[in-house]
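Structure first, commentary second.
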């Protein structure tokens, strides 16, 4: 089962892994881009650091509090280049309307995009 099985969830539970293998699950906004999901976060965040160390992740649809709403799908993730990161932030802001715009309105040099693939 790939990412296509998730449909277009409003939130995903992005599970990343520490160096010792401990799973850390975080609910995040996402935007579907063909067969991939795109997420934005601060480059200094724990999830970004963990992805830099280990690109293996799991994703599942969830509610805004991180309660899973479906099965988890194994995937891989990568930190995007600055231009693609800025595009991801714009797409996320557009998808989430006024709240998305408010949260992502300022240009943040530490903000990165994450692309999740099956």
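Residue numbers (our numbering): 13 to 130.
All C-beta atoms in this analysis are idealised placements derived from N, C-alpha and C, irrespective of residue type, glycine included.
Q. What first and last residue would you give for the beta strand (DSSP E) that runs through residue 95?
A. Sequence index remark: in the chain shown, residue 95 carries index 83 (1-based). Where residue 95 is concerned, there is no enclosing beta strand (DSSP E), although the alpha helix (DSSP H) it sits in stretches over 94 to 107.
Q: Measure the Cβ-Cβ separation of residue 83 and residue 21 and say whether it is below 8 Å.
A: For the purposes of this step, residue 83 is taken as the residue at position 71 of the chain shown. For the purposes of this step, residue 21 is taken as the residue at position 9 of the chain shown. No, these two residues do not count as a Cβ contact at 8 Å.
Q.
Less than 8 Å between the C-beta atoms of residue 122 and residue 54, yes or no?
A. Residue 122 sits at position 110 when you count from the first residue of the chain shown. Residue 54 sits at position 42 when you count from the first residue of the chain shown. Yes, the Cβ-Cβ distance between residue 122 and residue 54 is below 8 Å.
Q) Between which two residues does the alpha helix (DSSP H) containing residue 60 stretch? A) If you number the chain shown from 1, residue 60 lands on position 48. Per DSSP, residue 60 belongs to the alpha helix (DSSP H) from 58 to 65.
Q: Determine which residues share a DSSP beta bridge with residue 42 and list them.
A: Position 30 of the chain shown, counting from 1, holds the residue named residue 42. DSSP, once it has assigned bridges, lists no residue as partnering residue 42.
Q) Would you say residue 49 and residue 38 are within 8 Å of each other, going by their C-beta atoms? A) Mapped onto the chain shown, residue 49 falls at position 37. Mapped onto the chain shown, residue 38 falls at position 26. Cβ atoms of residue 49 and residue 38: not closer than 8 Å.
Q. Name the DSSP bridge partner or partners of residue 68?
A. Indexing the chain shown from 1 puts residue 68 at position 56. Note: residue 68 sits in a beta bridge opposite 88.
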